[in-house]
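One structure is given here, and the rest of the page talks about it.
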């Protein structure tokens, strides 16, 4: 999966989405992920849903006489005409605190004394409470069947709008048996539906348990890897045989990479190169390709926050996506190992596809500020397949790979060598 996150707050109403869809398709993405589109509560946060069966009015074209659902289906149809499937957030771990559900079905919610509880998280040792949200009680509700059927109806509503994929927000907070039933029943009716589990911030065991419920993809934590520590490959191995994963160099929940890396364009190229080639899936939020620096905000971002920059990575991203599409080893959770190299600033990674005979060597300059020299006495000693190796790197690919092999990598540069 190659996913472009069209962030509604930045994109604006539905009738303004087409140029963003066209740009995503031209870059070689095959899926569009949009954050929640349902009617919002008083806080106006995208993740504070008041009514699950209405499109939020701010997304609609005021000049159109078409029904809200019709307008949504039209934009989904436009995406599909460009070869793009559409994914939408499924937020059923909580709802807006001013939703009518709190009065209609108080038994569906976690209680804190006599009141319905707000969800919270721990951040740097401090408890952060989302007071605009009410937490569903999937674990201990006295009416589990009623709550389940309501969520099942929400899924049917979203699929009825044309969405083919569901990114399940904070999936690990719901029981795996709930997901297993929901996924099985949905796929029985709609076999092509794709379920993505948002599992960031949970333990490795929580991730494994959630993945086993039948999800098609989970998200990994490669964005935070330092290219050296063992934890990323350890995490990868824990879930590789259960479910494929999706990498991202930034997301709508993180700082912008261009700001985080001190406006170093080579660093953000490096991060996309690695994210796209590390795991089966990759995702970026809109604006990454132009080096945007303002963080995306689920309440305050508006189309006026669109940044006019001199940066345009659309061509580079298209090249990387093309490499990913053409070579099976980059479209699965392939067998992946790091190979020691005499230069500690070089990442040398070997990948072997399990479904087809396809190997790859990924060579990456970890240093986005300085050149680094890569030397190998014999590249063919690093693979199991018969020669030749092909250089399919996005920048300055070589027609011939000599033995011994030496290449001076520019800052952050990555090279990709694949077998036939």
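In this note's numbering, the protein residues as written are 568 to 987. Beta carbons: idealized from backbone N, C-alpha and C, even for Gly. These numbers were taken from a predicted model, which means no experiment stands behind them.
Asked: If we count the other Cβ atoms within 10 Å of its Cβ and call it buried at 16 or more, is residue 755 buried or exposed?; Found: exposed
Asked: Taking all protein chains shown into account, decide if residue 852 is buried (16 or more other Cβ within 10 angstroms of its Cβ) or exposed.; Found: buried
Asked: Going by DSSP, what residue range makes up the beta strand (DSSP E) through residue 596?; Found: Per DSSP, residue 596 belongs to no beta strand (DSSP E) and is neither H nor E.
Asked: Which runs of the beta strand (DSSP E) at least 3 residues long sit entirely within the segment 733-781? Give them in chain order.; Found: 761-764
Asked: Which two residues bound the contiguous alpha helix (DSSP H) that contains residue 605?; Found: Premise fails: residue 605 lies in the beta strand (DSSP E), 605-607, not in any alpha helix (DSSP H).
Asked: Hey, which unbroken runs of the beta strand (DSSP E) at 3 residues or more fall wholly within the segment 897-926?; Found: 902-905, 913-919
Asked: Give the list of continuous beta strand (DSSP E) stretches no shorter than 3 residues that lie fully inside the segment 775-857.; Found: 784-786, 812-814, 848-852
Asked: If you reduce the DSSP assignment to three classes, tell me which class residue 576 lands in.; Found: helix
Asked: Excluding five sequence neighbours on each side, which residues of the same chain lie with their C-beta closer than 6 Å to the C-beta of residue 891?; Found: 843, 897
Asked: What did DSSP end up calling residue 639 once you bin it into helix, strand or coil?; Found: helix
Asked: Per DSSP, what are the beta-bridge partners of residue 678 in this structure?; Found: 683
Asked: Do residue 746 and residue 768 come within 8 Å of each other at the CB atom, strictly closer than that value?; Found: no
Asked: With burial defined as no fewer than 16 other Cβ atoms inside 10 Å of the residue's Cβ, what is the status of residue 731: buried or exposed?; Found: buried
Asked: I'd like the span of the beta strand (DSSP E) that includes residue 940, first residue to last.; Found: 939-943
Asked: If the criterion is Cβ atoms closer than 8 Å, does the pair residue 761 and residue 785 meet it?; Found: no
Asked: Between the alpha carbons of residue 664 and residue 871, how many angstroms are there, rounded?; Found: 29 Å
Asked: Where does residue 615 land, buried or exposed, given buried means 16+ other C-beta within 10 angstroms?; Found: buried
Asked: Given that a residue counts as buried once 16 or more other Cβ atoms are within 10 Å of its Cβ, and exposed if not, what is residue 970?; Found: exposed
Asked: Start and end of the beta strand (DSSP E) containing residue 652?; Found: 652-657
Asked: Nearest to residue 900 by alpha carbon, out of 602, 894, 808, 743?; Found: 808
Asked: Which of helix, strand or coil does DSSP assign to residue 883?; Found: helix
Asked: So what does DSSP say about residue 890, is it helix, strand or coil?; Found: helix
Asked: If you compare alpha carbons, which of 962, 827, 887 is closest to residue 980?; Found: 962
Asked: Report the residue from 799, 658, 636 whose alpha carbon sits nearest the alpha carbon of residue 617.; Found: 658
Asked: Compute the distance between the beta-carbons of residue 651 and residue 592, then report whether it is under 8 Å.; Found: yes
Asked: Residue 874 by DSSP, collapsed to three states: which one?; Found: coil
Asked: Between the segment 636-645 and the segment 713-733, can you find at least three pairs of beta-carbon atoms closer than 8 Å?; Found: yes
Asked: Please state whether DSSP places residue 581 in a helix, a strand or coil.; Found: helix
Asked: Please determine if the segment 866-885 and the segment 900-916 are in contact, where contact requires at least 3 C-beta pairs separated by less than 8 Å.; Found: no
Asked: Can you tell me the Cα-Cα spacing of residue 662 and residue 568, whole angstroms?; Found: 29 Å
Asked: When the Cα of residue 793 is compared with those of 828, 733, 656, 847, which residue comes out closest?; Found: 828
Asked: Who does residue 928 pair with in a DSSP beta bridge?; Found: 917, 984
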